[in-house]
Amino acid sequence: MSTAERGAYGTRDSSETMALRVLDPGAFAVRRDAEPEEAAPAPARRPGRDRYLDLLRALALVRVVVYHNFGWTWLPIVFPSMGVMFALAGSLMVRSLNRPALSVIRGRLRRLLPPMWLFGAVVVPLMVLQGWRPDHLHPNWWWGDLAYWILPFSEPPFGPSLHTFGGHLPASWAEQICVPLWYLRAYLWYVVLSPLMLKALRRLPWVTLLVPLALAFVINSGLVDQTGRLMEAATDFTTFGSCWLLGMAHGEGLLRRIPQYVVPSLAPLVLMFGYWWLMRSPLENPRLGHDLEAVPVAQAVWSFGAVLLLLHLSPSWEQWPKPLERFNGVISLLNSRAVSVYLWHSFALVLTEPLIDLLWNSTFFYDHAQWLLVSQWTPLVVAVPLICLAILLFGWIEDVAAKRRPRLFPYPRRAKGRRRISQ
1150 MSTAERGAYG TRDSSETMAL RVLDPGAFAV RRDAEPEEAA PAPARRPGRD RYLDLLRALA
1210 LVRVVVYHNF GWTWLPIVFP SMGVMFALAG SLMVRSLNRP ALSVIRGRLR RLLPPMWLFG
1270 AVVVPLMVLQ GWRPDHLHPN WWWGDLAYWI LPFSEPPFGP SLHTFGGHLP ASWAEQICVP
1330 LWYLRAYLWY VVLSPLMLKA LRRLPWVTLL VPLALAFVIN SGLVDQTGRL MEAATDFTTF
1390 GSCWLLGMAH GEGLLRRIPQ YVVPSLAPLV LMFGYWWLMR SPLENPRLGH DLEAVPVAQA
1450 VWSFGAVLLL LHLSPSWEQW PKPLERFNGV ISLLNSRAVS VYLWHSFALV LTEPLIDLLW
1510 NSTFFYDHAQ WLLVSQWTPL VVAVPLICLA ILLFGWIEDV AAKRRPRLFP YPRRAKGRRR
1570 ISQ
């Protein structure tokens, strides 16, 4: 699944003013004999980071990792991560479109593509090493498909069945690793079309919001041939297009114009309809139950209703609420490395298999802890440090892409001398 996905805004603390009053009271003294003058307008303050949106992005990333590890089909219903991630990206995109559209698109692509190129620079040679030959795709113009590793307007090619590094990995290891690439494809299309989507949203807000949902019904009605690269992109675009537009409406302030009672009254009905559509769809795997991510129309409707509620709440925290302060480091790290975590988490999960196999060779684990080796939680526990290692090795590319000073592990540190106040 992100793409993922990303702006930062600075803020100035008023404590500087208080310190100046203490150090130099005369600087703020008003002469009694001076003629009153009209006060100069205060400089506009740039908005700080919206910690609520940071929290949503971090929860979305964690949910994606957990879902890909356990495969619990109820997780996308509890928290539709992909719809949330596209909505947050749409909100950030609309804030940037007060600048020339081409420069904004170029800037977004500059942030998105280098992490993907680094990912491809690792994955593609590994696939070739294990027997993949891109000329098997289309003997005459195979290089055309390879171009999608440079600009992913369609899903980059990979080997669905390869050698297994001496039997240590499943034959589908490349397919599992490349799962998140569809998100980059969809994100790229949204970015390119955002200027047109914003114009339509400003002119006909509700019609524009509902158009992707209507197209999702048409594409998945059975009347349209869904084979081919174009239809793959169209399916993803229509599934999450309304979520992206909701994010743009949030960034534009359009959602604040809706009466407060409308969204809490309407969104539950939308969710009920999405859940009903999911339950009426045929089961692909009766053992796993209904999977929201396997039913595009249900996912589109459910994600729309959930995102509508989450953005309606939108408390816009510039500072963390007290119960969440302790999670500031993890949430900030996930937001700083969102694309890297999304791209490399599947790689980390695939690598857990040979690492756990090594423990089976240990006499201690074989005799006393087989329950641990077969537990579904063990791959997740092993994958977390591997994801942190990926952040160390590859995360710096996000700083380079954003024209920031590269950092290996951007975990925020508490200022020196600052202690937690006990209550």
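Counting from 1150, one number per residue, gives the positions in the sequence shown under this note's numbering. Ideal Cβ positions, reconstructed from N, Cα and C, are used throughout, including at glycine. Predicted, not measured: the structure shown is a model, and the values here were computed from it.
For residue 1351, the first and last residue of its enclosing alpha helix (DSSP H): Counted as a single uninterrupted DSSP element, the alpha helix (DSSP H) harbouring residue 1351 occupies residues 1330 to 1352.
Closest by CA to residue 1230, which one among 1491, 1342, 1508, 1562? Ranking 1491, 1342, 1508, 1562 by Cα distance to residue 1230 puts 1491 first.
Buried or exposed by the 16-neighbour rule on C-beta atoms within 10 Å, applied to residue 1547: It is buried - the Cβ of residue 1547 has at least 16 other Cβ atoms within 10 Å.
Are there 16 or more other CB atoms within 10 angstroms of the CB of residue 1299, so buried, or fewer, so exposed? Under this definition residue 1299 is an exposed residue.
So, are the CB atoms of residue 1416 and residue 1454 less than 8 Å apart? It is a contact, given that the beta carbons lie within the stated cut-off.
The stretch 1408 to 1426 contacting the stretch 1331 to 1342, beta-carbon criterion three pairs below 8 Å: Contact fails: fewer than three Cβ-Cβ distances are below 8 Å.
Are the beta-carbon atoms of residue 1466 and residue 1477 separated by less than 8 Å? Residue 1477 sits away from residue 1466, with the two beta carbons spaced by 8 Å or more.
Short of 7 Å in beta carbon distance, which residues of its chain neighbour residue 1447, apart from the five on each side in sequence? Order them along the chain. Here the set comprises 1423, 1426, 1427, 1430, 1441.
Out of 1309, 1508, 1271, 1265, point me to the one whose CA is closest to residue 1282's CA. A check of alpha carbon separations from residue 1282 across 1309, 1508, 1271, 1265 identifies 1309 as the nearest.
Could you compute how far the alpha carbon of residue 1461 sits from the alpha carbon of residue 1393? Distance from the CA atom of residue 1461 to the CA atom of residue 1393, rounded to whole angstroms, is 15 Å.
Mark residue 1541 as exposed unless 16 or more other C-beta atoms lie within 10 angstroms of its C-beta, in which case mark it buried. Result: exposed.
Those runs of the alpha helix (DSSP H) which lie wholly inside the stretch 1220 to 1264 and span at least 4 residues: Taking only runs of at least 4 residues, the alpha helix (DSSP H) segments lying wholly in the stretch 1220 to 1264 are 1224 to 1227, 1230 to 1245.
Run through DSSP, which three-state label would residue 1320 get? When DSSP states are grouped into helix, strand and coil, residue 1320 belongs to the coil group.
Can you tell me where the alpha helix (DSSP H) holding residue 1441 begins and where it ends? Segment: none, residue 1441 is in no alpha helix (DSSP H) and carries neither H nor E.
Where residue 1497 and residue 1407 are concerned, what is the direct C-alpha to C-alpha distance, given to the nearest angstrom? Cα atoms of residue 1497 and residue 1407: separation of roughly 43 Å, rounded to the nearest angstrom.
Would you tell me roughly how many angstroms separate the C-alpha atoms of residue 1208 and residue 1386, rounded to the nearest one? Each residue's Cα considered, the two are about 23 Å apart.
Return the CA-CA distance between residue 1554 and residue 1380, expressed in angstroms with no decimal places. If you draw a straight line from the Cα of residue 1554 to the Cα of residue 1380, it is about 40 Å long.
Taking its Cβ as the centre, do 16 or more other Cβ atoms sit within 10 Å of residue 1212, making it buried, or is it exposed? With 16 or more other Cβ atoms within 10 Å, it is buried.
Keeping to the same chain, check which residues put their C-beta closer than 8 Å to that of residue 1433; ignore five residues upstream and five downstream. Around residue 1433, the same chain offers 1440, 1443 as residues with beta carbons nearer than 8 Å, after the five sequence neighbours per side are excluded.
Compare the C-alpha of residue 1236 against each of 1485, 1545, 1463, 1273 and name the closest. It is 1463 whose Cα lies nearest to the Cα of residue 1236.
Do residue 1487 and residue 1336 have their CB atoms nearer than 8 Å? It is not a contact, given that the beta carbons lie outside the stated cut-off.
Where residue 1398 falls, given that 16 or more other Cβ within 10 Å makes a residue buried: Counting C-beta atoms within 10 angstroms of its own C-beta, residue 1398 has 16 or more neighbours from the protein chains shown and is therefore classed as buried.
Excluding five sequence neighbours on each side, which residues of the same chain lie with their C-beta closer than 6 Å to the C-beta of residue 1550? Taking C-beta separations shorter than 6 Å and ignoring five residues to either side along the sequence, the partners of residue 1550 in its chain run 1259, 1260, 1263, following chain order.
C-alpha distance - residue 1210 paired with residue 1352, whole-angstrom precision: Rounded to whole angstroms, residue 1210 to residue 1352 spans 33 Å at the Cα level.
Contact defined as beta carbons within less than 8 Å: I believe residue 1457 pairs with residue 1395. What is the distance between those atoms, to the nearest angstrom? For residue 1457 against residue 1395, the beta-carbon gap comes to about 6 Å, under 8 Å, which counts as contact.
Please report the straight-line C-alpha distance between residue 1545 and residue 1516, rounded to a whole angstrom. Rounded to whole angstroms, residue 1545 to residue 1516 spans 42 Å at the Cα level.
Do the CB positions of residue 1276 and residue 1323 come within less than 8 Å of each other? It is a contact, given that the beta carbons lie within the stated cut-off.
What residue ranges within the stretch 1464 to 1503 form continuous beta strand (DSSP E) runs of no fewer than 3 residues, ordered along the chain? Entirely contained in the stretch 1464 to 1503, not one beta strand (DSSP E) run reaches 3 residues.
Which residues in the same chain have their Cβ closer than 7 Å to the Cβ of residue 1410, if we skip the five residues on either side of it in sequence? Result list for residue 1410: empty, nothing under 7 Å.
Just to confirm, are residue 1529 and residue 1505 a CB contact at a threshold of 8 Å? Going by C-beta atoms, residue 1529 is not nearer than 8 Å to residue 1505.
Helix, strand or coil for residue 1546, going by three-state DSSP, please let me know. In this structure, residue 1546 counts as helix in the three-state DSSP scheme.
Residue 1557 burial status per 10 Å Cβ neighbour count (16 or more: buried): Residue 1557 comes out exposed.
Residue 1312 lies in the alpha helix (DSSP H); which residues open and close that run? Per DSSP, residue 1312 lies in no alpha helix (DSSP H) and is assigned neither H nor E.
Can you have a look at residue 1225 and say buried or exposed, based on whether 16 or more other CB atoms are within 10 angstroms of its CB? Residue 1225 comes out buried.
Whole angstroms is fine: what's the gap from residue 1562's alpha carbon to residue 1483's? The straight-line gap from Cα to Cα measures roughly 15 Å.
Endpoints, alpha helix (DSSP H) assigned at residue 1401: Here the alpha helix (DSSP H) through residue 1401 covers 1378 to 1401.
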